[in-house]
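Trainee: Residue numbers (my numbering): -17 to 470.
No residue lacks a Cβ here, since even glycine has one placed at the ideal position from N, Cα and C.
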């Protein structure tokens, strides 16, 4: 919810009291939900909020219900990428009490984190977690911090990071028989009361391959888990995206190959021993550091077709690979140097075999690529490259050399879903100080460039922003498209 931090004891300040629009707008904004009296009237007129009650001629709402409604609406918009029309349908016929809204939000969260992989115990915990959040009772364990003597340790929750916290606290663990067991936050905390690093887990859903849960670094070393989390997020999103393919174009034979179920068995490449050797050579070998470091993993899918004597051979091979400054991280340094052409050629040589097939290779640099490399990736025979790096401020920068008929595969390597892009753009627009002052404006084209999104994504975010604040208008001045706040 933007950058709003909610004090637990202030989230639901009372029960049964009726409050007017001015009180609601003020307190919702303090909770991190940007709100004005005009916004409230707009939500009511559009049917997003239920009609208010009346105290004389003054429209009022029960205090606990309206705050829960606004938290749920803002959460669905900014975190789940739902439009106002979708939110209206979702909330239609729902009661505004926290328990009911928590149930609905939890179901939506399940969809957002691939509910088909969630077990009943997880669903039950999610519903309870949202209920406790909306009613002001949930303390998220990663938010614990040390306080100076005499300072009161206030429990705080950032609603907008609810899913991220669930992902970090709860986790999956291997069972003795090789299966997966879901560990709820409460169980995780009971099992490892003194290991704060163990609370930083990889995902709320089980990995598709046997990836090790990151642990804390040895004392005195640099925390390197963010690099590993980038690696895991990228590979996990790639695996999910490629499962949607129905056919793959073969540039060498100029035809499409149908994607059959047997073609979607990934080859997981984890140079575990190489990382072990690096740590030992540096005299830094430690089991917990090894499990927290990125490994330059890769996931490969081969798409075969019938050959002589009924044998099959790969015609198109699609690989997602990673490149991280493992040696620098192992030394405890803070790496920032970009990867260059030599690093790129090394990854290509490692992953683009056999040379008889056409390779689509996406490479994530967890730091960055050298300037100009991602904008103009080098071309290689029988290889279509996609280069990815994190974008400062959020999002990802992507460049490719894919042939035109393979350009649709670029999205396979994008770690950010469209709904996440819309939410990121929405947050950027609603928090921009220029758009808060009368007459303030932003040019649209530079926004697209700086945010690294398509015009379609920007348009969806603009629709949400303008629905929340009708004083923001999209117009054209001197041939430039701008988003402008009315002066009056």
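1. At 4 residues or longer, and completely inside the region 205 to 241: list those alpha helix (DSSP H) runs for me, N to C.
2. Can you tell me where the alpha helix (DSSP H) holding residue 6 begins and where it ends?
3. Pull up the CB-CB distance for residue 276 and residue 308, whole angstroms please, since I reckon it's below 8 Å.
4. With distance defined between alpha-carbon atoms, name the residue in 272, 296, 45, 265 nearest to residue 234.
5. Which two residues bound the contiguous alpha helix (DSSP H) that contains residue 428?
6. Closer than 8 Å by C-beta to residue 22: which residues in its own chain qualify, once you throw out the five before and the five after it? Chain order, please.
7. How far does the alpha helix (DSSP H) with residue 322 in it reach, from first residue to last?
8. Rounded to whole angstroms, how far is the Cβ of residue 304 from the Cβ of residue 266, which I believe are closer than 8 Å?
9. Is the region 334 to 351 touching the region 383 to 399, taking contact as three or more C-beta pairs under 8 Å?
10. Kindly provide the ranges of any alpha helix (DSSP H) runs that are 4 or more residues long and lie completely inside the region 289 to 376, ordered along the chain.
11. Taking the continuous alpha helix (DSSP H) assigned at residue 460, which residues delimit it?
12. Measure how close the beta-carbons of residue 469 and residue 421 come, nearest whole angstrom, since I'm counting them as under 8 Å.
13. Can you tell me whether residue 226 is buried or exposed, with buried defined as 16 or more other CB within 10 angstroms of its CB?
14. Where do the N-terminal and C-terminal ends of the beta strand (DSSP E) with residue 379 fall, by residue?
15. Would you please state the rounded distance, in angstroms, between the beta carbons of residue 39 and residue 1? I believe it to be under 8 Å.
16. Is the beta carbon of residue 65 less than 9 Å from the beta carbon of residue 59?
17. Give me the Cα-Cα distance between residue 56 and residue 15, rounded to the nearest whole angstrom.
18. Please state whether DSSP places residue 40 in a helix, a strand or coil.
19. Measure the beta-carbon distance from residue 282 to residue 301 and round it to whole angstroms, keeping in mind my assumption that it falls under 8 Å.
20. Quick check on the DSSP output: the alpha helix (DSSP H) that includes residue 72 runs from which residue to which?
21. If residue 274 and residue 210 are in contact, beta carbons under 8 Å, what's the gap, nearest whole angstrom?
22. Should residue 54 be labelled buried (16 or more other beta-carbon atoms within 10 Å of its own) or exposed?
23. With a threshold of 6 Å on Cβ separation, who are the neighbours of residue 443 within its own chain once the five nearest residues in sequence on each side are excluded?
24. Classify residue 19 as buried or exposed, calling it buried when 16 or more other Cβ atoms lie within 10 Å of its own Cβ.
25. Let's test the definition: count the other Cβ atoms within 10 Å of the Cβ of residue 471 and tell me whether it reaches 16, buried, or not, exposed.
26. Taking residue 411 as part of the alpha helix (DSSP H), name the residues at either end of that continuous run.
27. Measuring alpha carbon to alpha carbon, tell me which residue in 365, 337, 310 is nearest residue 326.
28. Label residue 216 either buried or exposed according to how many other C-beta atoms from any shown protein chain fall within 10 Å of its C-beta, with 16 as the threshold for buried.
29. Hey, could you find the ends of the beta strand (DSSP E) residue 275 is sitting in?
30. Does DSSP put residue 0 in a helix, a strand or coil?
31. Please confirm whether residue 430 and residue 440 have their CB atoms less than 9 Å apart.
32. If you compare alpha carbons, which of 299, 12, 463 is closest to residue 423?
33. Taking just the CA atoms, how far does residue 262 sit from residue 70?
34. From residue 338 to residue 427, what distance separates their C-alpha atoms?
35. Considering only the alpha carbon of each residue, which of 252, 241, 362 lies closest to residue 213?
Mentor: From the atom records:
1. 207 to 224
2. 3 to 12
3. 6 Å
4. 296
5. 426 to 433
6. 3, 6, 7, 31
7. Unbroken run through residue 322: none, as it is neither H nor E.
8. With a Cβ gap of about 20 Å, residue 304 and residue 266 do not count as contacting.
9. yes
10. 308 to 312, 323 to 333
11. Taken as a continuous stretch (DSSP letters only), residue 460 belongs to no alpha helix (DSSP H), as it is neither H nor E.
12. 5 Å
13. exposed
14. 378 to 382
15. Wrong, their Cβ atoms sit about 16 Å apart, outside the cutoff.
16. yes
17. 7 Å
18. strand
19. 4 Å
20. 66 to 73
21. 6 Å
22. buried
23. 404, 407, 408
24. exposed
25. The question about residue 471 has no answer here: the residues shown for the chain are numbered -17 through 470.
26. 400 to 413
27. 365
28. buried
29. No beta strand (DSSP E) contains residue 275, which DSSP labels as neither H nor E.
30. strand
31. yes
32. 463
33. 58 Å
34. 42 Å
35. 252
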